[in-house]
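Residue numbering for the sequence shown follows full-length UniProt numbering, starting at 1 and increasing by one per position.
Structure record follows, encoded as structure tokens.
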Amino acid sequence: MKRADRISTAVNSIETTIQGPHGPIPVRWYSPPVGAAPVRSTPIVWVHGGGFFRGGLDLPESHDVALMLAAAGFQVVTVAYRLATVSRLRLSSSGFRRSPAVHYPVPVDDVVAVVREVQRSAPTGVILGGASAGACLSAGAVLRLADDGADALAGVFFAYGLFHAALPKRSAQLRSRLQGKRRFAHTPTLLNLTNLHYAGNRTALAEADAFPGGHPLHLFPPTLMVDADRDSMRASGGQFARELVAAGIALDYHVLPGAFHAFLNRPHDPSFADGIRLIIDWALQLSVRHP
């Protein structure tokens, strides 16, 4: 039996829903294997990516990451936030009707609602993390929770996130590192259009909890960022890291050499194991400071 299969068999997971402002939010709770000593730590809320418009609880970036964190002794909650959609005509018993569109702030509302619910039973706080679009949603949730006066998060971690409404200028060095299909799929124009689809309108692009990059970040907790070397979005990740440092936030920032975007969605990619190891080590150190 492969290691991943052994972990999947040992880790217990339960699916349920959490009530949010837009209705029930599907979540999956992961517990450490029976007999394993759980980490004296805050639980982890983990948010998958997918360009704001795709993904779910079974996405490897959601499920496999949660399995690895749970196997290391952490309680983990993954979130099936509402995905950005456009309004469509649908046939019902009473004729054609338009389905409601989903845009900002709905997905970040869902993430905030889940964090608040987990906080109810987490006296030592909550660690929040996300990948790609999920990193942006998680960063937005940090600002929303702080503005609302919620309990402070113990820490946050982001993998290859896009934090700015418009992709910052890519350096010549970064452009020289790009390879494969995402060299064409992750151009500034296409990424900016993806952001606009999520935001719903250009006014929303300027909201701090939609795209936190470029906004005040002094209320962030200790932060871990893991970017991919061969990834256009590293232009945003690197800029966001500099903004966090300028705001006085305790930051651990890593760029995985040779890694491509979404490495946490490819469990057999060596960069997956490297990224998971960084996350676990950081979270274990954080748990020592928040017993």
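We put the beta carbon where it would ideally sit given N, CA and C, even for glycine.
All values reported here derive from a predicted model rather than from experimental measurement.
query, result
"Identify, in the order they occur along the chain, each residue of the same chain with its Cβ nearer than 8 Å to the Cβ of Gly180, setting aside the five sequence neighbours on each side.", "Arg230, Phe260"
"If you follow the alpha helix (DSSP H) that Tyr160 is in, where does it begin and where does it stop?", "Where Tyr160 is concerned, there is no enclosing alpha helix (DSSP H), given that its DSSP letter is neither H nor E."
"Using a threshold of 8 Å, state whether the C-beta atoms of Gly155 and Thr223 are closer than that.", "yes"
"Run through DSSP, which three-state label would Thr16 get?", "strand"
"Excluding five sequence neighbours on each side, which residues of the same chain lie with their C-beta closer than 7 Å to the C-beta of Ala166?", "Asn192"
"Going by alpha carbons, who is nearest to Ala146 out of Asp281, Phe220, Pro33?", "Phe220"
"Since Gly275 and Val226 are thought to touch, with beta carbons under 8 Å apart, how far apart are those beta carbons, to the nearest angstrom?", "5 Å"
"Please state the DSSP three-state secondary structure of Leu286.", "helix"
"Taking only three categories from DSSP, how would you classify Asp274?", "helix"
"Restricting to Cα atoms, I'd like to know which of Arg54, Val115, Arg242 is closest to His254.", "Arg242"
"Considering Met225, what are the terminal residues of the beta strand (DSSP E) in which it resides?", "223-230"
"For Gly213, tell me which candidate among Ala228, Arg28, His186, Ala247 has the shortest Cα-Cα distance.", "Ala247"
"Helix, strand or coil, according to DSSP, for Gly59 in the structure here?", "Going by the sequence as given, residue 59 is Leu instead of Gly. Here Leu59 sits in coil by DSSP."
"Between Val288, Ala72, Pro26, His22, which has its C-alpha nearest Ile14's C-alpha?", "Pro26"
"Excluding five sequence neighbours on each side, which residues of the same chain lie with their C-beta closer than 8 Å to the C-beta of Arg202?", "Leu196"
"Quick one: Cα of Trp282 to Cα of Leu128, how far?", "13 Å"
"Whole angstroms is fine: what's the gap from Gln239's alpha carbon to Gly20's?", "32 Å"
"Counting Cβ pairs closer than 8 Å, one from the segment 124-141 and one from the segment 39-59, do we hit at least three?", "yes"
"Rounded to the nearest angstrom, what separates Trp29 and Ala172 at their Cα positions?", "43 Å"
"Which one of Leu256, Pro257, Phe272 has the shortest CA to CA distance from Phe263?", "Phe272"
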